[in-house]
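For reference, the structure is listed below as C-alpha cells.
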Amino acid sequence: MMLELHDNKYKIIYNPETACIICEGSLLLNGALAYEPILQLLKQAAETQEPNQLTVDICALKFMNSSGINMLTKFVMYVSDIKQLKLTLIFKAQQPIAWQEKLCINLQRLLPTLQVQLLS
Amino acid sequence: MSTVIYGNFTEKPEIKGEEYLSIQFSPSSQPLKKRWENNGLSADFISEYFKIFYTSQQEESNGIIDSDVLLENIRDSVKYIANELLENAMKFQAPMLNPTVARIFLSLYQEQLVFYITHSITMEQSALFQGFIENLLAHDPQTLYLEAMRNSAREENVHRSGMGLLSMICDYEAQLGWKFENIPDLPLIEVTTMVTLETGI
Chain D
1 MMLELHDNKY
11 KIIYNPETAC
21 IICEGSLLLN
31 GALAYEPILQ
41 LLKQAAETQE
51 PNQLTVDICA
61 LKFMNSSGIN
71 MLTKFVMYVS
81 DIKQLKLTLI
91 FKAQQPIAWQ
101 EKLCINLQRL
111 LPTLQVQLLS
Chain P
1001 MSTVIYGNFT
1011 EKPEIKGEEY
1021 LSIQFSPSSQ
1031 PLKKRWENNG
1041 LSADFISEYF
1051 KIFYTSQQEE
1061 SNGIIDSDVL
1071 LENIRDSVKY
1081 IANELLENAM
1091 KFQAPMLNPT
1101 VARIFLSLYQ
1111 EQLVFYITHS
1121 ITMEQSALFQ
1131 GFIENLLAHD
1141 PQTLYLEAMR
1151 NSAREENVHR
1161 SGMGLLSMIC
1171 DYEAQLGWKF
1181 ENIPDLPLIE
1191 VTTMVTLETG
1201 I
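Residue numbers (the working numbering), protein chains in the order written: chain D, 1 to 120; chain P, 1001 to 1201.
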C-alpha cells in the first residue's frame, strides 16, 4: 500500500513495491517536530525494505530548509548507526542542482555505503 | 552602549544609490505558523529580485547572459540563506519587548552579495548564541558540521543545532560575521548577522 504525506507545498510518496520514496515540492517546515511524520515514514520504509534496497528520490524537490537537512541526517544515522539496518540506501538527485548534489555527498559522509545516483 | 563583533563583520555601508533591497517585519497578531510561511515567500521574493536584477544588468552591459544553470544555482543559494536568516530571526526573539521583529537587507555588488539581518534577543539567548559563535570560530567548520550531523539523531529537539549557519559556511562557502549591541534601557540585545556570498558573476 502506498503511503503519502503532503501539504500544499510538498508531497512525499512511498511505494513499497518499487521500494522508492519520491519527494516533491518545497520543504519549509518549522523545526524537528514538524518533520517528525516524514522522518517516521522514512524509518518505516527502511525497516520494511531491509535487507533489500530503498531509493529516496529528491530530483523533484525544489527547496529544503536546514531543519529538513537535519531530518535527513537523522534518518541516515538511524539506518547506519542506531538500528544498523542491512539495506542499500540510494539517493537519487539532479546533478545540475548544486544543493541536491551537496546534500547527497554530505549524507554519504555519514554512511559511506550510501549510493548516490546523479541524473544529468 | 557595549558592542561585540565576531567573524567577518563590517558595518552596513551608507546607501548612495547602489542597488539594495530591504524588508522590515513588524510584530503582529499573526500566529507563528502564518509568519513562518512568510519566511519562504520573502526568501522567494529576495532570490527572484536578485535574479531579475542580475539578468537585466547583463542584458544592458553586454547582452551575454550567464548559463541558466549557474543563475539558478545562485538563486537557490540566495533563497536558502535568506530563508535561514529569517527563520533564525523568527525563532530567536523577544517578542513582547521588541520594537521590530526583524530587518533584512541585501546589497548587490560585482561578484558578491551581502546580507544583513537584525533582530532583538534576550540576554540569555545572546549568551548562548555568543557561546556557539565562539566555538564555531575556534574550530574547523567542516568538522563541526559533520559532528552536528552525527549528533542530530541522538539529540531530540535541539533548539540551536547551528546546522543552518554551518551549512551556509560549508555548503555555500559564505562568510559570516555578527554584531551584538545592548539596547539602552531594555534587557535586550540587538544582533546583526552579516553573510557574504561570493557569486563569481
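Here a beta-carbon is modelled for each residue, glycine too, at the ideal position from N, C-alpha and C.
Under 8 Å by Cβ, that's how I've got residue i and residue j pegged, so tell me the actual separation to the nearest angstrom.
i: residue 49 (chain D); j: residue 93 (chain D); result: Not quite, the Cβ-Cβ distance comes to about 19 Å (not below 8 Å), so this is no contact.
i: residue 1085 (chain P); j: residue 1133 (chain P); result: Wrong, their Cβ atoms sit about 15 Å apart, outside the cutoff.
i: residue 26 (chain D); j: residue 1040 (chain P); result: 7 Å
Could you tell me whether any non-hydrogen atom of the ligand MN is closer than 7 Å to the CB of residue i?
i: residue 119 (chain D); result: Looking for the ligand MN in the displayed structure turns up nothing, as the structure carries no ligands at all.
Give me whichever residues DSSP pairs with residue i in a beta bridge.
i: residue 1194 (chain P); result: P:1116, P:1177
i: residue 92 (chain D); result: D:57, D:117
i: residue 11 (chain D); result: D:6, D:24
i: residue 1188 (chain P); result: P:1122
i: residue 1182 (chain P); result: P:1189
i: residue 1102 (chain P); result: P:1025
Taking Cβ-Cβ distances shorter than 7 Å, what residues in chain D pair up with residue i?
i: residue 1036 (chain P); result: 30
i: residue 1150 (chain P); result: 77, 110
i: residue 1167 (chain P); result: 66, 69
Does DSSP put residue i in a helix, in a strand, or in coil?
i: residue 1002 (chain P); result: coil
i: residue 1130 (chain P); result: helix
i: residue 1148 (chain P); result: helix
i: residue 1142 (chain P); result: helix
i: residue 1034 (chain P); result: helix
i: residue 1026 (chain P); result: coil
i: residue 64 (chain D); result: strand
i: residue 29 (chain D); result: coil
Using a cut-off of 9 Å between C-beta atoms, extract the partners of residue i located in chain D.
i: residue 1073 (chain P); result: 96, 97, 98, 99
Run through chain D and tell me which residues come within less than 8 Å of residue i, C-beta to C-beta.
i: residue 1069 (chain P); result: 96
Along chain P, which residues have their Cβ under 9 Å away from the Cβ of residue i?
i: residue 78 (chain D); result: 1153
i: residue 81 (chain D); result: 1150, 1153, 1154
Could you tell me which chain P residues have their CB closer than 7 Å to the CB of residue i, listed as they occur along the chain?
i: residue 7 (chain D); result: Result: empty, since nearest Cβ-Cβ is about 10 Å, beyond 7 Å.
Using a Cβ distance threshold of 8 Å, determine whether the region 1120-1138 of chain P contacts the region 80-89 of chain D, with at least three qualifying pairs required. no
Do the region 1065-1083 of chain P and the region 102-116 of chain D touch if we need at least three Cβ pairs shorter than 8 Å? no
Tell me, please, whether the region 1168-1188 of chain P touches the region 1005-1014 of chain P by the rule of three or more beta-carbon pairs shorter than 8 Å. yes
Using 8 Å as the cut-off, can you tell me whether the region 64-76 of chain D makes contact with the region 1067-1076 of chain P, which would need three or more C-beta pairs spanning the two stretches below that distance? no
When the Cβ atoms of the region 33-43 of chain D are set against those of the region 1052-1061 of chain P, are three or more pairs found closer than 8 Å? no
Quick check: the region 1143-1153 of chain P against the region 105-115 of chain D, are there 3 or more CB pairs under 8 Å? Counting C-beta pairs with one atom in each stretch, the region 1143-1153 of chain P and the region 105-115 of chain D have three or more that are closer than 8 Å, which means they touch.
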